[in-house]
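Asks:
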Amino acid sequence: MTHKILIADDEPNIVISLEYLLQREGYAVLVARDGQEALDTIAREQPALVLLDVMMPHKTGFEVCQAVRADEALQGTKILMLTAKGRETDVAKGMALGANAYMTKPFSTRELVQKVAELLGETPA
Amino acid sequence: MLSPALVIASSFAYLLLLFAVAYWADRRAQAGRSVIANPWTYALSLAVYCTAWTYFGSVGRAASGGVWFLPIYLGPTLVMVLGWIVLRKMIRIAKAYRITSIADFIASRYGKSPLLAGLVTLIAVVGIVPYIALQLKAVSAGYALLTVPGGVAEAAHWSRDSAFYVALVLAGFAMVFGARHLDTTERHEGMVAAIAFESVVKLVAFLMVGFFVVYGLFDGLGDLFARAQAVPQLQQLLRLEQGGQFAWAQWFGLMLLSMFSVVFLPRQFQVMVVENVREDHLRRAVWVFPLYMLLINLFVLPIALGGLLYFGPGQGNAENFVLSLPLAAGQHALALFAFVGGLSAATGMVIVETVAVSTMVSNELVLPLLLRWRHLRSSGGQDFTRLLLGIRRAAILGVLVLGYVYFHLAGEAYALVSIGLISFAAVAQFAPVVLGGMYWKGGTRLGALAGLLAGFLMWAYTLMLPSIAKSGWLDMGFIAHGPWGLAWLRPEQLLGLQGFDGLTHSLFWSMLANVVAYVGVSLWRAPSGREASQALLFVDVFERTAGSSPVFWRGRANTQDLLRLCERFLGAAKAQALFDGYAQRMGVRHALALRPDARLVQFVETQLAGAVGSASARALVASVAEEETLSPEDVLRILDEASQIRAYSRALEGKSRSLEQATAELRAANEQLQSLDRLKDDFMSSVTHELRTPLTSIRALAELMQDDAGMPQAQRQQFVGIIVAETERLTRLVNQVLDMAKIESGHAEWHVAPVDMRALVQRAVATTAEVFRERAAQVQVQLPDEAPVLQADPDRILQVLLNLLSNAAKFVPSPGGRVQVRLVPDAQGVTVCVQDNGPGVQPGHEAMIFDRFHQTDLGVQVAHGTGLGLPISRHIAEHFGGRLWLEPSAQPGACFCFWLPRQAPSSGDKNP
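From first to last, the protein sequence lines are chains D and A. No gaps in the numbering here: position 20 of the first sequence is 20 in this note's numbering, and each next residue is one more. Take any residue in the second sequence, count from 1 to its spot, add 1000: that is its number in this note's numbering.
1) Going along chain A, which residues have a C-beta under 8 Å from residue 59/D?
2) Can a CB atom of chain D be found closer than 9 Å to the CB of residue 1688/A?
3) Can you list the residues of chain A that residue 84/D reaches, using a CB-CB cut of under 9 Å?
4) Taking just the CA atoms, how far does residue 1776/A sit from residue 78/D?
5) In chain order, what residues of the same chain lie with their CB nearer than 6 Å to the CB of residue 1118/A, ignoring the 5 residues before and after it?
6) Would you call the segment 1244 to 1259 of chain A and the segment 1313 to 1322 of chain A in contact, with 3 or more CB pairs under 8 Å?
7) Is any beta-carbon of chain D found at less than 9 Å from that of residue 1898/A?
8) For chain D, is any of its Cβ atoms less than 9 Å away from the one on residue 1708/A?
9) When the Cα atoms are used, what is the spatial distance from residue 1869/A to residue 1803/A?
10) When you compare only the Cα positions, how much space is there between residue 1092/A and residue 1279/A?
11) Give the secondary structure of residue 81/D by DSSP, where H, G and I count as helix, E and B as strand, and everything else as coil.
12) So for residue 1861/A, helix, strand or coil by DSSP?
13) With a threshold of 9 Å between beta-carbons, can residue 18/D be considered close to chain A, or not?
14) Using a Cβ cut-off of 9 Å (strictly closer), state whether residue 107/D contacts chain A.
15) For a quick check, are the C-beta atoms of residue 1511/A and residue 1428/A less than 9 Å apart?
16) Run through chain D and tell me which residues come within less than 7 Å of residue 1704/A, C-beta to C-beta.
17) Say whether chain A places a C-beta atom closer than 9 Å to the C-beta of residue 104/D.
18) When the cut-off is 9 Å and only beta carbons count, does residue 1814/A lie next to chain D?
19) Quick one: what does DSSP say residue 1893/A is sitting in, helix, strand or coil?
20) Taking DSSP's pairing of strands, which residues face residue 4/D in a bridge?
21) Can you check which of these residues, 1796/A, 1445/A, 1229/A and 1759/A, is closest to residue 1823/A by C-alpha distance?
22) Cα separation between residue 1072/A and residue 1346/A?
23) Helix, strand or coil for residue 1359/A, going by three-state DSSP, please let me know.
24) Within this structure, are the beta carbons of residue 1055/A and residue 1276/A separated by less than 9 Å?
25) Looking at the unbroken alpha helix (DSSP H) that takes in residue 1539/A, where does it start and where does it end?
26) Are residue 1109/A and residue 1437/A close, meaning C-beta to C-beta below 9 Å?
27) Which residues, in chain order, does the segment 68 to 84 of chain D contribute to contact with chain A at a C-beta distance below 9 Å?
28) Compare the C-beta of residue 55/D against all C-beta atoms of chain A and say whether one is closer than 9 Å.
29) Grouping DSSP H, G and I as helix and E and B as strand, with all else coil, what is residue 1559/A?
30) Quick check on the burial criterion: 16 or more other C-beta atoms within 10 angstroms. Buried or exposed for residue 1872/A?
31) Which residue marks the beginning of the beta strand (DSSP E) containing residue 1825/A, and which one marks its end?
32) Contact defined as beta carbons within less than 8 Å: I believe residue 35/D pairs with residue 64/D. What is the distance between those atoms, to the nearest angstrom?
33) Please name the residue, chosen from 1307/A, 1036/A and 1431/A, that lies closest to residue 1063/A on a Cα-to-Cα basis.
34) Taking only the alpha-carbon atoms, compute the straight-line gap between residue 116/D and residue 80/D and give it to the nearest angstrom.
35) For residue 1646/A, report the span of its alpha helix (DSSP H) as first-last.
36) Does residue 42/D come within less than 9 Å of chain A when only Cβ atoms are used?
As structure tokens, then:
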């Protein structure tokens, strides 16, 4: 089955690259440009995985993560946090809020694909 | 006529009432609800000034001299209104050093001299006994008027004389309520309350008689004065001049005399200073007491005129009008009440005066003589408190009996007024030494002795002797021709001085002799150490508080001895309590563990002074301690040390304050550093974020192309385009971060040249024209015909303009964007505004947008900014002495403006 993946990032060029990458891997890709849009899309589409940028307008990735984890109906949603802020406190905060994994920008596309597959319980191709 | 039994019964009933009032007040004080700790009571107790002399004598004086009864009351009014500062200082001194009487005050000031205290006491007794006699005479005369037909008192044998028994009752009262406890600085609550009560009684009685005369006997004031005008003898009473020249000197002399009396009469000093509970009660007394005197004098002239009209001029004794008018009109009840009023005026004076004088006699005359007996002074554990109280009570009785004897012997000789004024003149002799002592440090013990003695002798010669002679006990010859026929020694025209009445003449000579002797002798010899130290403590009383006052004592003492001394003169329980309290204040657990230092000695001496007076206390302390005599140099040194200690402690306080301040400053600096550190951390984090974001796109897209060799060309083209754009963004960012760093650290290069703002704006608009065309936005430029030429860096100003324009381009809607650029010159410089029709700045973010890396929080990411544009622009504007701001009223849309001066503020800044 095709997993639905939501890309939540406010940088259009990053969205372009991630969208291309994940479509190439055969996932169904959804896009959100800010935190609020991301939350709405998650609730509506219930994607299997969210690639969640931390620095986003309206609601930060942390807030989105916290909201998702607080919602009983969305417990199955995997969250992979992406951040350009590499400080350890940021990583720890994300994990504490319930993210499943964490990657710092810039990331290797190969590793990202692998991490996505892992989180979705697939054996990497 | 009234029956003697009724009058006597009423009198004694009234005295009984007085006892009851005093007893009640004492009980209240014991219960902690003092009635005298009240400014009204204090003010009313001062009215003890108004004695039987006021009550009866004023009318007599008004009947013969018109307004001449007034100066006696104008003086005290002046003292209260103008001299209250002096009174306050006197009260402060008396409280600080536990002064018990006027004699103690003077003696204490001049080195605690027993001799001086004794002299003052003697003057007071000589001056006051006639005055007490006068009160008894008034009571006796009043009694006779009410009971004896014709109103002439026969010289009754003392055992049948009601005045004698009145004197005894008053002595009893004074003994019970005036010598209750040894420490006279503790208030006599009952006595003061009774005095205040009496002040009310005599005022009400006098006013009632006044009303009766004016509205009962006559038809109001208008009628009374109109009828007085009609009688030639009375007409002149209503004039100031009294037929001749107005005697200014006499008027002034009387006022001066009464000013001194209201302060220095022993009873006045007692109620005003010794019995004062709180210094600020004086504030109330300052107007209540003068008001009281106004009220009690209101009807003096009307009663005098009324009596003269009623009985006919020259008929009837004017001093008895207060009683004789109601009596003659058949108003017996009113006459009796008027008598009680007069009685209250007399008793109030007699009680306080005897208490005050007996304190002086026992402390300053009897006790010093007793202390000459060795065994009394040193050895033995006897308790002297009972003995001391006994002495004081005996002194009370003694003074009253003396007063009665005087009354009996000389009572018929003088008119009331003259006795009173002679007393006043005696007491006025205290004025120079007291006032000089309070304000002049140069006054010495010898000076004070000389002044008092000279003044007193002059008083005796020029006033006392003539009045004795006039009563027929001395040959009048020496008054008329001078002793031994020496005319220039005539007591009432001394050295040929004429034109004054006897009193003014005496006042002039006695005051002159007093002041000259006091000042002259004081200047002749420098003060001793003890005199100098007491002078300092008195004159500078307001500068010294208990903690910092210097202690002028040196020697060796023993705590045990000091305690025993206190026990003997204050009682064991009280002494122990005092020592325990002192030990507690000093932080010592047990009283006997106290170090017998100068401060303890001073404490003991001050406590003893409250009971036995400062001179005796001094002698007692000297008897148990080994003392060194202080020289004036020592006094100066101790004072110097005390002021040094004060200065040290002040310096220490200052140091610790500045230390605290330094600590606070350091803490603030540290906090600032920490916040700078945080800021730098945030800055690094932001820069990292800004660098990583484009790098992410570049890496991801490059890897995608790398992995997929068969990527369609169009796709590849798009990706390469993005990579190029992101690299440009990276470059821009790096440049701006460096730029910012340079500007902030002051290493930026500024190339100052004349800047034509019109041309510069046009250039900026031309440069950004392409961007605006892409976003389909209109740019409208408003330029004045002429714009000033600025001194600035044209490239930097252009940078600011480009930044504002590109920001506007980012935020305007597309299509439909409109941007307006305005250039407005003013006298000092030029303002440039860039207005867009975008979403504007979110409320609350107006300040934040100038922070580094703050990027607007928009729903759509419009364009790539670095977040450094506005902070850099603001720095540039500020560098040239201008400013950059967000115009708050430019909604909708955003309007950024900057203003630059024609000339940058200082050339030094331009190329740092």
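All C-beta atoms in this analysis are idealised placements derived from N, C-alpha and C, irrespective of residue type, glycine included. From a predicted model like this one, the values you see are computed outputs, not experimental measurements.
Replies: The structure says:
1) Indexing the first sequence from 1 puts residue 59/D at position 59. Chain A residues near residue 59/D: none, gap ~11 Å exceeds 8 Å.
2) Numbered from 1 along the second sequence, position 688 holds the residue referred to as residue 1688/A. Judged by the 9 Å Cβ criterion, residue 1688/A is in contact with chain D.
3) Working through the first sequence from its first residue, we reach residue 84/D at position 84. Under the 9 Å cutoff, chain A gives 1688, 1689, 1690, 1691, 1692, 1693, 1695 and 1696.
4) Position 78 of the first sequence, counting from 1, holds the residue named residue 78/D. Position 776 of the second sequence, counting from 1, holds the residue named residue 1776/A. Rounded to the nearest angstrom, the two C-alpha atoms are 42 Å apart.
5) In the second sequence, counting from the first residue as 1, residue 1118/A sits at position 118. Closer than 6 Å at the Cβ level, and outside the excluded window around residue 1118/A, lie 1364 and 1365.
6) no
7) Translated into the one-based positions of the second sequence, residue 1898/A becomes position 898. With 9 Å as the cut-off, residue 1898/A does not count as an interface residue toward chain D.
8) Here residue 1708/A refers to the residue found at position 708 of the second sequence. It does: the Cβ of residue 1708/A has a partner Cβ on chain D nearer than 9 Å.
9) The count along the second sequence starts at 1 and reaches residue 1869/A at position 869. The count along the second sequence starts at 1 and reaches residue 1803/A at position 803. Cα-Cα distance, rounded: 6 Å.
10) Counting from one through the second sequence, the residue named residue 1092/A turns up at place 92. Counting from one through the second sequence, the residue named residue 1279/A turns up at place 279. Each residue's alpha carbon lies about 7 Å from the other.
11) Taking the first sequence and counting its residues from 1, the one referred to as residue 81/D is at position 81. Of the three classes helix, strand and coil, the one that applies to residue 81/D here is strand, per DSSP.
12) Counted from its first residue, the second sequence places residue 1861/A at position 861. Here the model assigns residue 1861/A a pLDDT of 40, short of 50, so the residue's position is not dependable, and the following value carries that caveat. Three-state result, residue 1861/A: coil.
13) Taking the first sequence and counting its residues from 1, one reaches residue 18/D at position 18. So, interface residue.
14) Position 107 of the first sequence, counting from 1, holds the residue named residue 107/D. Interface residue, yes.
15) Counting from 1 along the second sequence, the entry for residue 1511/A is found at position 511. Counting from 1 along the second sequence, the entry for residue 1428/A is found at position 428. Yes, these two residues count as a Cβ contact at 9 Å.
16) Numbered from 1 along the second sequence, position 704 holds the residue referred to as residue 1704/A. Ordered by position in chain D, the residues that pass the 7 Å Cβ test against residue 1704/A are 17, 20, 21 and 109.
17) As a working mapping, residue 104/D is identified with position 104 in the first sequence. Cβ-Cβ to chain A under 9 Å: yes for residue 104/D.
18) Mapped onto the second sequence, residue 1814/A falls at position 814. Judged by the 9 Å Cβ criterion, residue 1814/A is not in contact with chain D.
19) The sequence position of residue 1893/A within the second sequence is 893, counting from 1. Here residue 1893/A sits in coil by DSSP.
20) Taking the first sequence and counting its residues from 1, the one referred to as residue 4/D is at position 4. DSSP lists 28/D as partners of residue 4/D.
21) In the second sequence, counting from the first residue as 1, residue 1823/A sits at position 823. That would be 1759/A, whose Cα lies nearest to the Cα of residue 1823/A.
22) Counting from one through the second sequence, the residue named residue 1072/A turns up at place 72. Counting from one through the second sequence, the residue named residue 1346/A turns up at place 346. C-alpha separation (whole angstroms): 17 Å.
23) To locate residue 1359/A, count along the second sequence from 1; it is residue 359. Three-state result, residue 1359/A: helix.
24) What you label residue 1055/A is simply residue 55 of the second sequence in a count that begins at 1. What you label residue 1276/A is simply residue 276 of the second sequence in a count that begins at 1. Cβ distance not < 9 Å, so residue 1055/A and residue 1276/A don't count as in contact.
25) For the purposes of this step, residue 1539/A is taken as residue 539 along the second sequence, with counting starting at 1. Per DSSP, residue 1539/A belongs to the alpha helix (DSSP H) from 1529 to 1539.
26) Locating residue 1109/A in the second sequence gives position 109, where the first residue counts as 1. Locating residue 1437/A in the second sequence gives position 437, where the first residue counts as 1. Cβ atoms of residue 1109/A and residue 1437/A: closer than 9 Å.
27) 82, 83 and 84
28) Working through the first sequence from its first residue, we reach residue 55/D at position 55. Yes - at least one Cβ of chain A is within 9 Å of the one on residue 55/D.
29) The residue you call residue 1559/A lines up with position 559 of the second sequence. Correct three-state label for residue 1559/A: helix.
30) For this step, residue 1872/A is matched to residue 872 along the second sequence. It counts as buried.
31) Mapped onto the second sequence, residue 1825/A falls at position 825. That run of the beta strand (DSSP E) goes 1817 to 1825.
32) For this step, residue 35/D is matched to residue 35 along the first sequence. For this step, residue 64/D is matched to residue 64 along the first sequence. Their Cβ separation, rounded to whole angstroms, is 5 Å, which keeps residue 35/D and residue 64/D in contact under 8 Å.
33) Locating residue 1063/A in the second sequence gives position 63, counting from the first residue. With distances taken between Cα atoms, residue 1063/A lies closest to 1307/A.
34) The sequence position of residue 116/D within the first sequence is 116, counting from 1. The sequence position of residue 80/D within the first sequence is 80, counting from 1. Those two C-alpha atoms are separated by around 8 Å.
35) Residue numbering aside, residue 1646/A sits at position 646 when the second sequence is read from its first letter. Counting along the chain, the alpha helix (DSSP H) containing residue 1646/A begins and ends at 1632 to 1707.
36) Residue numbering aside, residue 42/D sits at position 42 when the first sequence is read from its first letter. So, not an interface residue.
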